[in-house]
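To start, the structure itself, in structure tokens.
Numbering (this note's numbering), first residue to last: 61 to 403.
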């Protein structure tokens with residue numbers, strides 16, 4: 061029996077197998093944030109998470125700079141400082157954060173029961189019924205990679221949150237969801253001068269440096285926040301024996317009435333905010349913290365007010381913020397009144 065067909069057949073088989081291998085996709089990579097092998101960096105703004113979803117956020121604790129005559133071990137021990145994980149949530153029932161080291165990741169991969177290094181708990185002064193729940197955790201780590209694992213496994217609805225991880229030696233060598241999002245449709249290239257100008261000049265009201273005068277007009281806030289400023293004279297009378305004049309700040313919000321809030325800032329706190337960032341919990345004196353916020357009128361929904369005075373004359377600020385649990389634009393009217401107030 062002739063066997064001359066065997067060689068062509070074997071060649072044909074190799075060709076077919078090669079073609080099959082060419083069309084078989086490579087093992088899919090873990091989606092960003094879905095596992096410890098592809099963790100995310102914390103988002104810069106508020107984001108949402110669906111019921112049953114778990115997200116992995118990674119952070120790196122770096123090695124300290126050695127001083128003259130200091131060995132690595134003693135340098136690490138002397139440089140151990142608190143690392144803080146902060147979580148703010150809206151519609152927060154069921155959302156919690158665990159802190160894992162690589163050891164916990166290995167146990168998780170092997171399906172071995174384990175206790176996390178830490179868990180975020182309700183921040184001091186917060187109540188379960190608060191609309192915006194604040195949670196935090198503090199701890200110390202040696203150099204290495206660590207994970208904040210955010211779980212919405214007990215929630216029954218979409219939850220909105222903002223996660224922050226803070227520490228002197230903390231860095232984020234991982235991508236954010238925004239960095240891997242599909243690029244926007246190509247637009248005609250702008251002239252370099254126009255691009256530079258657009259980047260250099262922020263829109264009015266978007267930063268304290270571009271704060272607007274209060275007009276009392278109804279305004280649309282698509283997202284983010286608007287900054288306003290006013291001048292105040294702390295007149296205590298000729299003998300300085302009178303209380304400084306009161307300031308009344310009123311914010312009316314159109315439907316939906318819980319779409320915006322406002323906070324009050326001094327120049328000192330604004331300077332800290334610009335230089336070092338914001339400290340929502342009011343625990344870090346080097347960072348900016350508001351000195352007041354609008355309280356809701358229980359008898360009139362969408363009506364928020366603050367009343368107070370200051371001991372120093374100067375420039376003060378009002379920040380109108382978009383409520384994180386709402387997606388549609390906010391429509392509001394801001395009024396600042398007082399006999400020693402000017403714009």
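Quick reminder that beta carbons are idealized off the backbone N, C-alpha and C, glycines included.
For this session: Given a cut-off of 7 Å, decide if residue 221 and residue 161 are closer than it, judged by their beta-carbon atoms.
Result: no
Exercise. Which class does residue 302 belong to by DSSP, given the choice of helix, strand or coil?
Worked result: Under the three-state reduction of DSSP output, residue 302 falls in the coil class, being neither helix nor strand.
Exercise. Cα separation between residue 175 and residue 202?
Worked result: Spanning the two alpha carbons is a distance of roughly 19 Å.
Problem set entry | Contact check, residue 298 vs residue 399, beta carbons under 7 Å | no
For this session: Ignore the nearest five residues each way along the sequence and tell me which others in residue 265's own chain have a CB closer than 8 Å to its CB.
Result: 271, 272, 286, 287 and 288
For this session: Note the first and the last residue of the continuous beta strand (DSSP E) segment covering residue 222.
Result: Run containing residue 222: 219 to 226, per the beta strand (DSSP E) assignment.
Problem set entry | Same chain, Cβ closer than 6 Å to residue 179, five either side skipped, listed in chain order | Shown here for residue 179: same chain residues with a beta carbon closer than 6 Å to its own, the five before and five after excluded, namely 158 in chain order.
Problem set entry | Other residues of its chain near residue 337: CB distance less than 6 Å, five sequence neighbours each side excluded | 347
Exercise. Whole-angstrom Cβ separation of residue 407 and residue 394, contact assumed at under 8 Å?
Worked result: Because residue 407 is not part of the residues shown, which for the chain are 61 to 403, the question remains open.
For this session: State the DSSP-derived secondary structure class of residue 319, mapped to helix, strand or coil.
Result: coil
Exercise. Residues in its own chain within less than 7 Å of residue 389 by CB, not counting five upstream and five downstream?
Worked result: 280, 281 and 282
Problem set entry | DSSP-derived helix/strand/coil call for residue 331 | helix
Problem set entry | Member of 340, 383 and 351 whose CA lies at the smallest distance from the CA of residue 327 | 351
Exercise. Distance, Cα to Cα, residue 362 vs residue 309?
Worked result: 14 Å
Problem set entry | DSSP three-state assignment for residue 356, whether helix, strand or coil | Strand.
Exercise. Should residue 372 go down as buried or exposed, given a rule of 16 or more other Cβ atoms within 10 Å for buried?
Worked result: exposed
Exercise. With distances taken from CA atoms, which of 211, 145, 181 and 165 is nearest residue 113?
Worked result: 211
Problem set entry | Start-to-end residues for the beta strand (DSSP E) that takes in residue 424 | The first residue shown for the chain is 61 and the last is 403, placing residue 424 beyond what the model contains.
Problem set entry | Three-state class that DSSP yields for residue 403 in the structure shown | Residue state, collapsed to three classes: coil.
Problem set entry | Cβ neighbour criterion (16 or more within 10 Å) applied to residue 368 | With fewer than 16 other Cβ atoms within 10 Å, it is exposed.
Problem set entry | Where residue 106 falls: helix, strand or coil (DSSP) | coil
Exercise. Taking residue 291 as the reference, which of 378, 357 and 332 has the closest Cα?
Worked result: 378
For this session: Give the C-beta separation of residue 396 and residue 307 to the nearest angstrom, bearing in mind that I take them to be a contact with Cβ-Cβ under 8 Å.
Result: 7 Å
Exercise. Helix, strand or coil: which one does DSSP assign to residue 383?
Worked result: In this structure, residue 383 counts as coil in the three-state DSSP scheme.
Exercise. Nearest-angstrom Cα distance between residue 296 and residue 302?
Worked result: Straight across, the Cα-Cα distance linking residue 296 with residue 302 is about 5 Å.
Problem set entry | Contacts around residue 99, its chain only, beta-carbon distance under 7 Å, and the 5 residues preceding and following it disregarded | Apart from the 5 residues on each side of it in sequence, residue 99 sits with its Cβ closer than 7 Å to the Cβ of 93, 116, 117, 118, 207 and 234 in its chain, given in chain order.
Exercise. First and last residue of the alpha helix (DSSP H) that includes residue 163?
Worked result: 162 to 169
Exercise. What do you reckon, are the CB atoms on residue 391 and residue 314 nearer than 7 Å?
Worked result: Contact flag set, yes.
For this session: Give the DSSP-derived three-state secondary structure of residue 112 in the structure shown.
Result: In the structure shown, residue 112 falls within a coil segment according to DSSP collapsed to helix, strand and coil.
Problem set entry | Which listed residue (96, 344, 319 and 111) has its alpha carbon closest to that of residue 213 | The shortest Cα separation from residue 213 among 96, 344, 319 and 111 belongs to 111.
Exercise. In terms of residue numbering, what span does the beta strand (DSSP E) encompassing residue 367 cover?
Worked result: 363 to 368
Problem set entry | First through last residue of the beta strand (DSSP E) which encompasses residue 270 | That residue, residue 270, is in no beta strand (DSSP E); it is neither H nor E in DSSP.
Problem set entry | Per DSSP, cross-strand counterpart(s) of residue 343 | Answer is none; residue 343 lacks a bridge partner.
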